[in-house]
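Have a look at the structure below before the remarks.
Numbering (the numbering used here), first residue to last: 15 to 323.
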């Protein structure tokens, strides 16, 4: 599946042609730049009973493809997922050990398959997210508050690269420690009623409420290091401390150390429910932005095997 509208693919439009040449008779490259094209491609691949679904796009493209597949499959097992890192943000792929350019990733996967060797995989569960009881969306990384504000700042700055996002994170951390204006612009606290698996959390104002079924949120930070602690669960984190305290904790978080209670509450859960007490909840799922919504539910979704060639 190729997203010709991803920033990386717009910058290097010849990538799709090279991927198609690598596939040869062993597969088919289909462009999908609209919801209708995506739905048609999903039906085509499901009818062919493909064993590996390769996605040439970033986190948002993978999220949209998985959502279309899950809604169409009615509980059928997902094919193995090969993320080709064809976007400006490839957090899910990188956090699961997928490295390199799209052509190299596909070439190595095809070489294994053509030799009859097993394709190594990492098993994850998707998150199933519903806003105000609406249509389910599927992905790996969910967040509110400061996570939404950071993505908005990233988009408005038109950085469009991992290096640009890293620079923005460093700027935010430095500003938070200095009490600067940029950090203040990222503080978007939500007064939320939160419960996991039916247990209510203490009332709090959250700098961010996040959940992940894959460990890394980018830049080598395993913020959801407990995501595989229990089968069929994910790691939920509610950050109640200040942005400055979060900035000071970044080295610990990068080491995968446990979250400190004075900064955040965290739980391993199968369901997470958020109810807004003020304005609606704006949230991100794999880098795409949604909302506002009065209530949001996050549940464990279907399992997926991410190929790591």
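We treat Cβ as the ideally placed atom computed from N, Cα and C, and that holds for glycine.
Q. Do residue 160 and residue 168 have their CB atoms nearer than 8 Å?
A. no
Q: May I ask which residues mark the beginning and end of the alpha helix (DSSP H) holding residue 77?
A: 73-87
Q.
Going by C-alpha to C-alpha distance, which of 285, 239, 224, 129 sits closest to residue 298?
A. 224
Q: Could you check if residue 214 is buried or exposed, using at least 16 other CB atoms within 10 Å of its CB as the buried criterion?
A: exposed
**Q.** C-beta atoms of residue 239 and residue 282 nearer than 8 Å
**A.** no
Q. Distance, Cα to Cα, residue 82 vs residue 192?
A. 44 Å
**Q.** Helix, strand or coil at residue 210 according to DSSP, with G and I counted as helix
**A.** strand
(Q) Using a 10 Å radius around the Cβ and a threshold of 16 neighbouring Cβ atoms, would you call residue 25 buried or exposed? (A) exposed
Q.
Alpha carbons only, please: which of 183, 23, 230, 203 is nearest the one belonging to residue 158?
A. 203
Q: May I ask you to verify whether the region 228-239 touches the region 267-284, counting CB pairs closer than 8 Å and requiring at least 3?
A: yes
Q.
Please report the distance separating the alpha-carbon of residue 135 from that of residue 68.
A. 13 Å
Q.
Please report the distance separating the alpha-carbon of residue 308 from that of residue 319.
A. 33 Å
Q.
Tell me the DSSP secondary structure of residue 201 in three-state form.
A. coil
Q) Under the three-state reduction of DSSP, which class applies to residue 288: helix, strand or coil? A) strand
Q. Near residue 32, what residues of its chain come up, given a Cβ to Cβ distance below 6 Å and the 5 sequence neighbours on each side ignored?
A. 117
Q | Exposure of residue 199, with buried meaning 16 or more beta-carbon neighbours within 10 Å | A | exposed
Q: Specify the secondary structure class of residue 62 as computed by DSSP and reduced to three states.
A: coil
Q: Round the Cβ separation of residue 331 and residue 18 to the nearest angstrom and send it over; I've been treating them as touching at under 8 Å.
A: There is no way to answer for residue 331, as the model of the chain reaches only from 15 to 323.
Q. With distances taken from CA atoms, which of 311, 301, 285, 280 is nearest residue 295?
A. 311
Q) Taking the C-alpha atoms as reference points, what is the distance between residue 241 and residue 115? A) 27 Å
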